[in-house]
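Numbered per our numbering, the sequence shown spans residues 496 to 876.
Even for Gly, the Cβ is constructed at its ideal location relative to N, Cα and C.
One structure is given below, encoded as structure tokens.
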Amino acid sequence: MNPRVANIGGSIIREVAAKRRPGSIDLGLGEPSLKPTARYLESATRWAADNGLRYTPNAGEPELREAIAAHYAYPGMSRAANVCVMNGSQEAVFVSVMTLLDPARDEMLVVEPAFPAYAKMGRLHGIDVRTVAMDAANDFAFEPARILNALTERTRLIVLCSPCNPTARVVDRATVNAIAGELERRSAPVYVLHDEIYREQTFTGDAGYFAAVYPRTIVTNSLSKSNALTGLRIGWTIVPDDLSDAVVKAHAWVTSCASTFAQRVAAEIFSEGALREHVAWYAEHRAKVVTALEESGLRFIPPQGSFYACVKLPDGTKSLEAAHSLADRHDVIVIPGIAFGDAFEGWLRLSWVSPISDVREGVARIAAFAAARKPSASAPV
Ligand SMILES: Cc1ncc(COP(=O)(O)O)c(C=O)c1O
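Quick look at the structure:
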């Protein structure tokens, strides 16, 4: 067997999420609880009945590519040719990493805490993956100096996710400008992969987008989170001209094309400009979640984006053990911070899309668990 596959770990997120029982308080998987709008699916079904479900061109239906490119209108990347339609943003990241990086030479830098798939994908391709951790004392804000200081001569790609899974931090414009400005000055090219999958769950007014200012940006995104379509598996890359043909070529050899049915659904959504149809729900729900967290007494990172909130465990508490205890003994499913890198040990990620009564109850159980684990709570008086 390929030793790279044999040596790579499975998903801690899935391992803990699998403990969910009927009636559990589920703050685990990062999956919207809303239902998708049926109209798009119905319309795609009618189209498929009339036209069949044949392969599309490798890069996707030209009208959909054009709609995606025009919707974001990133400078230098606003033509259909800059878009490749993918089977979810998971494939978008995979193909981008595979296309850009030479395993014999290049290194990718993952900004942590991070979605675990980035490093795993890099390592599956035999690429040296380095990580740079943001600072807990600064609530894991994206810090330009930390990121830039971690670059080496071999770094060809920086991968970051904003709004961030897991920290719920959003990179601001000043940070994007600072990183972009410095990268422009370097002689060797460094690309930034900005995973924008939680873009429609942004709760700050100052979000920065690398593609808006930095020409060597690769954007990955999908309809999974914005339109509650995780199972449809439809996403895309937006890349500069110098990468577009190569990305399509790699994607074509991996999956031929994205699902034709899913592309029809996406075409409906883009034609109605409906990417923000769930935005109000998230904003309202988030406000209630923040109140519940404030009342809990737990230390938490104020959520600026995504649909996660992260809480700190008492010092010395291991997050994996805590997540298993919470699942086994308190019937609450949460994801241990260690799944997102060593820097996030001692934290838990809560996905807050469940009904607010469940979120409140889950937060209360975590707070009780944490209070019982505080060193002073068990020390003899
Ligand atoms: C940060 C991040 N990127 C990418 C993905 C992959 O999403 P999809 O392939 O459904 O677009 C996820 C899924 O949870 C995610 O959280």
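- Counting the other Cβ atoms within 10 Å of the Cβ of N660 gives 16 or more, which makes it buried.
- Proximity of the beta carbon of R855 to ligand 1 is not indicated: no heavy atom of the ligand is located closer than 8 angstroms.
- In summary, S849 is buried, with 16 or more beta-carbon neighbours lying within 10 Å of its beta-carbon over all protein chains present.
- Note on geometry: alpha-carbon atoms of R499 and G621 lie some 7 angstroms from one another.
- At a Cβ-Cβ threshold of 9 angstroms, A817 and F864 count as neighbours.
- If you compare the alpha carbons of V606, K530, G523 with that of E772, the shortest gap goes to K530.
- In this structure, G832 is the residue among F795, P798, V827, G832 with its C-alpha nearest to the C-alpha of T812.
- Our two residues, M629 and F635, have alpha carbons roughly 5 angstroms apart in a direct line.
- Bounds of any beta strand (DSSP E) do not take in W847, whose DSSP letter is neither H nor E.
- Assignment of alpha helix (DSSP H) within the segment 625-664, counting only whole runs of 4 or more residues, yields 639-644 in chain order.
- Within the same chain, Cβ atoms closer than 7 angstroms to the Cβ of T670 are found at F637, P639, G703, the five residues on either side in sequence being excluded.
- Collapsing the DSSP output to three states places N553 in coil.
- C656 has its Cβ nearer than 8 angstroms to a heavy atom of ligand 1.
- For G583, the enclosing alpha helix (DSSP H) has its first and last residue at 583-595.
- Contact annotation, L646 with V685: C-beta distance approximately 7 angstroms; criterion of less than 8 angstroms satisfied.
- For G676, the enclosing alpha helix (DSSP H) begins and ends at 668-680.
- DSSP, read as helix, strand or coil, puts D690 in strand.
- Residue pairing by DSSP puts F795 in a beta bridge opposite V806.
- Residue nearest to D623 within the set V590, Y535, D597, R855 is D597 (criterion: CA-CA distance).
- Residue burial annotation: G768 is exposed, with fewer than 16 other C-beta atoms found within 10 angstroms of its C-beta.
- Judged by the Cβ position, F610 qualifies as a neighbour of ligand 1 at the 8 angstroms threshold, a heavy atom of the ligand being closer than this.
- With a cut-off of 8 angstroms, the C-beta of I692 is classified as near ligand 1, since at least one heavy atom of the ligand falls inside that distance.
- A straight line joining the alpha-carbon of R844 with that of A544 spans about 42 angstroms.
- I520 has its alpha-carbon roughly 30 angstroms from the corresponding atom of E586.
- Around the Cβ of R728, a 10 Å sphere holds 16 or more other Cβ atoms; the residue is buried.
- Three or more pairs of CB atoms, one per stretch, sit closer than 8 angstroms, so the segment 571-590 contacts the segment 708-719.
- Within the model, the alpha-carbon separation for P797 versus V666 is close to 14 angstroms.
- Taking the CA atoms as reference points, E840 sits about 18 angstroms from Y613.
- Per DSSP, the continuous alpha helix (DSSP H) segment holding I861 begins and ends at 851-868.
- Annotation for T712 indicates a beta carbon at 8 angstroms or more from all heavy atoms of ligand 1.
- Residue range 612-619 is occupied by the alpha helix (DSSP H) that includes G617.
- When only Cα atoms are considered, F698 and A775 end up about 10 angstroms apart.
- Shortest Cα-Cα distance from V588 to any of Y569, R794, V858, V742 involves V742.
- In its chain, beyond the 5 residues on either side, P527, L529, K530, P531, H773 have a beta carbon closer than 7 angstroms to the beta carbon of A723.
- In the same chain as L788, and ignoring 5 residues on each side of it, the C-beta atoms closer than 8 angstroms to its own belong to F795, A804, V806, V858, in chain order.
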